[in-house]
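J.:
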Amino acid sequence: MYQTQLFVLFFTVCSTFSAARVLKVQIHDQDDKVVQFTMNKIESFTWKSCGGNGFGVTDLSLTPDPLEFPGTLHLAMKAYFNTTIQAPLPTTLLIEKEVAGKYIKIPCIDSFGSCSYDDLCELLDEASCPDPLVKAGIPCQCPFKLAQYTLPTSDFDVETSFFPSGGYHMKGSINMNAIFATFTSAKVLKVEIQDEEAKIVQFTMNNVESFTWKNCGGQGAGFTDLSLTPDPLQFPGTIHISAKAYINTTVQAPLPATLLIEKEVEGKYIKIPCIDSFGSCTYDDVCELLDEITCPDPIVKAGIPCQCPFKPAQYTLPTADFDVDTSFFPTGGYHMKGSISMNGQMTGCLDIYVTVA
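Mapping of the sequence shown onto mature numbering (1 follows the signal peptide of the UniProt record, and there is no 0): residues -20 to -1, 1 to 337, in sequence order.
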């Protein structure tokens, strides 16, 4: 049944196919937060992972471009799983077709199109695993265990032409016990479309009094779980931290890093400058900085290294206490964003909002 086979292929890719348009965003009114965007056409296959920390794709190739049905698809990819994925696995799939410069949603008909599925695992149980996936050692049925997978360039014959000619946008997401939920920051956006034809969008921000976090880029390292209490933080005092993190590639020197720290002042975030290597700073090599510090006891006990190089692994920090003697953060809300790079490519990024009492 081609619908199921197509869905298996979609699940294997687990990415957003943003195949014909790219948004150009322009802020028209900073105070009113009015944004106008236009679309520029791209005549090529494009993709991106669009949320969630449970799994993702680090490399993906799909040819020919444009695709031809009936015909042969050539697919190559690298993907990772950071947690065991098992039933039930609710899934949503959006498919849109470009018509006169706009994307029109294809409705769900006989379980094909823009559909919601109660359990992807049940659909996968009904499908035969394609030979290229079997040869590559990539499983096709639940549960999916923690691992990294590589699919060399493989051929998939498609005999039926079920997609009319044109541009398509596809977006899929799965959810398991909220593991793949997107973590919003300490400001939540309320979006309202003001003018559909002109594509004018107005949004406002509502404050959320809690610690929030999200990964913000890079496939080399990231977090799957992070807890920081008390909330709000109190200095001097004791901070309780627990975390689960992963490293997908060897992270080694030199390791350039950037850190942004902003303080909320009357509803706006003001950048704290870099003073004596503290604040919104750029560092040539984090590895050199780590060589100068003593690894905290909770980190040592958890078997988490503090110095470069960091090898591919999964790390868990049980709830640990860190005593902070000084009050170096005045009371208020803070936004912090840090990223590291290696060989000119972003390796990992963490974006958090915290409140200090």
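Ideal placement from N, C-alpha and C gives every residue a C-beta, glycine not left out.
Quick check on the DSSP output: the beta strand (DSSP E) that includes I279 runs from which residue to which?
T.: Mapped onto the sequence shown, residue 279 falls at position 299. Here I279 belongs to no beta strand (DSSP E); instead the alpha helix (DSSP H) covers 277 to 281.
J.: Determine the direct distance from the alpha carbon of K85 to that of G147, and round the result to whole angstroms.
T.: To locate residue 147, count along the sequence shown from 1; it is residue 167. To locate residue 85, count along the sequence shown from 1; it is residue 105. The alpha-carbon atoms of G147 and K85 are separated by roughly 12 Å.
J.: When you compare the segment 273 to 291 with the segment 239 to 249, are there three or more beta-carbon pairs, one atom per stretch, that lie closer than 8 Å?
T.: Contact fails: fewer than three Cβ-Cβ distances are below 8 Å.
J.: Does the separation of the CB atoms of P253 and V138 fall below 8 Å?
T.: Position 273 of the sequence shown, counted from the first residue, corresponds to residue 253. Position 158 of the sequence shown, counted from the first residue, corresponds to residue 138. No, Cβ-Cβ distance for P253 and V138 is not below 8 Å.
J.: In this structure, how does DSSP classify Q174 when only helix, strand and coil are distinguished?
T.: Here the question's residue 174 lines up with position 194 in the sequence shown. For Q174, the predicted model reports a pLDDT of 39, less than 50, meaning its position is unreliable and no value from the coordinates is stated.
J.: Helix, strand or coil for P70? Go by DSSP, reduced to three states.
T.: The residue given as residue 70 occupies position 90 in the sequence shown. Coil.
J.: To the nearest angstrom, report how far apart Y97 and I241 are at their CA atoms.
T.: Residue numbering aside, residue 97 sits at position 117 when the sequence shown is read from its first letter. Residue numbering aside, residue 241 sits at position 261 when the sequence shown is read from its first letter. Whole-angstrom Cα-Cα distance: 41 Å.
J.: Could you say which of A127, H220, L100 lies nearest to L297 if we only look at CA atoms?
T.: Residue numbering aside, residue 297 sits at position 317 when the sequence shown is read from its first letter. The residue with the shortest Cα to Cα distance from L297 is H220.
J.: Spatial neighbours of T335 within its chain, please: C-beta separation below 6 Å, excluding the five flanking residues on both sides.
T.: For the purposes of this step, residue 335 is identified with residue 355 of the sequence shown, where counting begins at 1. The answer, listed in chain order, is P212, G313.
J.: Closest to F35 by CA distance: which of N62, Q232, D256 is it?
T.: Counting from 1 along the sequence shown, the entry for residue 35 is found at position 55. F35 has its Cα closest to that of N62, out of N62, Q232, D256.
J.: For G208, which of helix, strand or coil comes out of DSSP?
T.: In the sequence shown, residue 208 corresponds to position 228, counting from 1. Contrary to the premise, residue 208 reads as Leu rather than Gly in this sequence. Three-state result, L208: strand.
J.: Leaving out five residues on either side along the sequence, give the residues of the same chain with a beta carbon under 7 Å from the beta carbon of S321.
T.: As a first step, residue 321 must be located in the sequence shown, where it is residue number 341. Closer than 7 Å at Cβ, skipping near neighbours: P236, T327.
J.: What is the residue span of the alpha helix (DSSP H) that D111 lies within?
T.: On the sequence shown, position 131 is the one that residue 111 refers to. Here the alpha helix (DSSP H) through D111 covers 111 to 115.
J.: Can you name, in chain order, every residue of its own chain whose Cβ lies under 6 Å from the Cβ of residue 345, other than the five neighbours on each side?
T.: In this structure the chain extends from -20 to 337, so residue 345 is not present and cannot be described.
J.: Could you name each continuous beta strand (DSSP E) segment of 3 residues or more that falls completely within the segment 83 to 138, going from the start of the chain to the end?
T.: Within the segment 83 to 138, the complete beta strand (DSSP E) runs of at least 3 residues are 127 to 138.
J.: Cα-Cα, which of Q232, V280, I284 is closest to V266?
T.: Here residue 266 refers to the residue found at position 286 when the sequence shown is read from its first residue. Ranking Q232, V280, I284 by Cα distance to V266 puts Q232 first.
J.: Give the straight-line distance between the Cα atoms of A201 and P289, rounded to the nearest whole angstrom.
T.: As a position in the sequence shown, residue 201 is number 221, starting the count at 1. As a position in the sequence shown, residue 289 is number 309, starting the count at 1. The straight-line gap from Cα to Cα measures roughly 13 Å.
J.: Of all the options M57, K151, V114, which has the alpha carbon lying nearest to the alpha carbon of I75?
T.: Position 95 of the sequence shown, counted from the first residue, corresponds to residue 75. Minimum Cα distance to I75 is reached at K151.
J.: Name, in chain order, the residues that DSSP records as bridge partners for C329.
T.: Working through the sequence shown from its first residue, we reach residue 329 at position 349. Beta-bridge pairing links C329 to S319.
J.: Taking the alpha carbon of D226 as the point to measure from, which residue in T71, L100, Q128 has its own alpha carbon closest?
T.: On the sequence shown, position 246 is the one that residue 226 refers to. Strictly speaking, residue 226 in this sequence is Tyr, with Asp absent from that position. The candidate whose alpha carbon is nearest that of Y226 is Q128.
J.: For D271, does the three-state DSSP call read helix, strand or coil?
T.: On the sequence shown, position 291 is the one that residue 271 refers to. Here D271 sits in helix by DSSP.
J.: Which two residues bound the contiguous beta strand (DSSP E) that contains T26?
T.: In the sequence shown, counting from the first residue as 1, residue 26 sits at position 46. Neither: T26 is in no beta strand (DSSP E) and is coded neither H nor E.
J.: Measure the C-alpha to C-alpha separation of D264 and F258 and round it to an integer number of angstroms.
T.: Stepping through the sequence shown from its first residue, residue 264 is reached at position 284. Stepping through the sequence shown from its first residue, residue 258 is reached at position 278. So the two alpha carbons sit approximately 14 Å from each other.
J.: Cα-Cα, which of G217, F191, S145 is closest to S207?
T.: Taking the first residue of the sequence shown as position 1, residue 207 is located at position 227. Ranking G217, F191, S145 by Cα distance to S207 puts F191 first.
J.: Give me the Cα-Cα distance between W27 and L40, rounded to the nearest whole angstrom.
T.: As a first step, residue 27 is located in the sequence shown; it is residue number 47 there, counting from the start. As a first step, residue 40 is located in the sequence shown; it is residue number 60 there, counting from the start. Computed Cα separation, rounded: 8 Å.
J.: For A(-1), name the three-state secondary structure that DSSP assigns.
T.: Numbered from 1 along the sequence shown, position 20 holds the residue referred to as residue -1. Low local confidence applies: a pLDDT of 36 at A(-1) is under 50, so the model's placement there is unreliable, and no value is given.
J.: What does the Cβ neighbour count give for F89, buried or exposed, with the cut at 16 atoms within 10 Å?
T.: Along the sequence shown, one-based indexing puts residue 89 at 109. First, the residue type needs correcting, since residue 89 is Ile and not Phe in the sequence shown. Counting Cβ neighbours within 10 Å, I89 comes out exposed, since fewer than 16 surround it.
J.: Can you check whether the CB of C329 is closer than 8 Å to the CB of G198?
T.: Here residue 198 refers to the residue found at position 218 of the sequence shown. Here residue 329 refers to the residue found at position 349 of the sequence shown. Going by C-beta atoms, G198 is nearer than 8 Å to C329.
J.: Assign K317 to one of two classes, buried (16 or more other C-beta atoms within 10 Å of its C-beta) or exposed (fewer than that).
T.: For the purposes of this step, residue 317 is taken as the residue at position 337 of the sequence shown. Flag for K317 reads buried.
J.: When we look at the beta-carbon of N228 and count the other beta-carbons within 10 Å, is it buried (16 or more) or exposed?
T.: On the sequence shown, residue 228 is found 248 positions in, with the first residue counted as 1. It counts as buried.
J.: Am I right that T71 and L100 are in contact with their C-beta atoms under 8 Å? What's the rounded C-beta distance?
T.: Start at 1 with the first residue of the sequence shown, and residue 71 comes out as number 91. Start at 1 with the first residue of the sequence shown, and residue 100 comes out as number 120. T71 to L100, Cβ: 4 Å. Contact.
J.: Per DSSP, what are the beta-bridge partners of F61 in this structure?
T.: Locating residue 61 in the sequence shown gives position 81, where the first residue counts as 1. Answer is F35, A127.
J.: Which value, in whole angstroms, describes the spacing of the CA atoms of residue 393 and L53?
T.: Nothing can be reported for residue 393: it is not among the residues displayed for the chain, which extend from -20 to 337.
J.: Going along the chain, which residues of its own chain have a beta-carbon closer than 6 Å to the beta-carbon of Y295, five neighbours each way excluded?
T.: On the sequence shown, position 315 is the one that residue 295 refers to. Counting only Cβ-Cβ distances below 6 Å, and skipping sequence neighbours, we find A225, I284.
J.: Who are the near neighbours of Q325 in its chain, counting only those whose CB is closer than 6 Å to its CB and skipping five residues on each side?
T.: Locating residue 325 in the sequence shown gives position 345, counting from the first residue. The answer is none, since no qualifying residue turns up.
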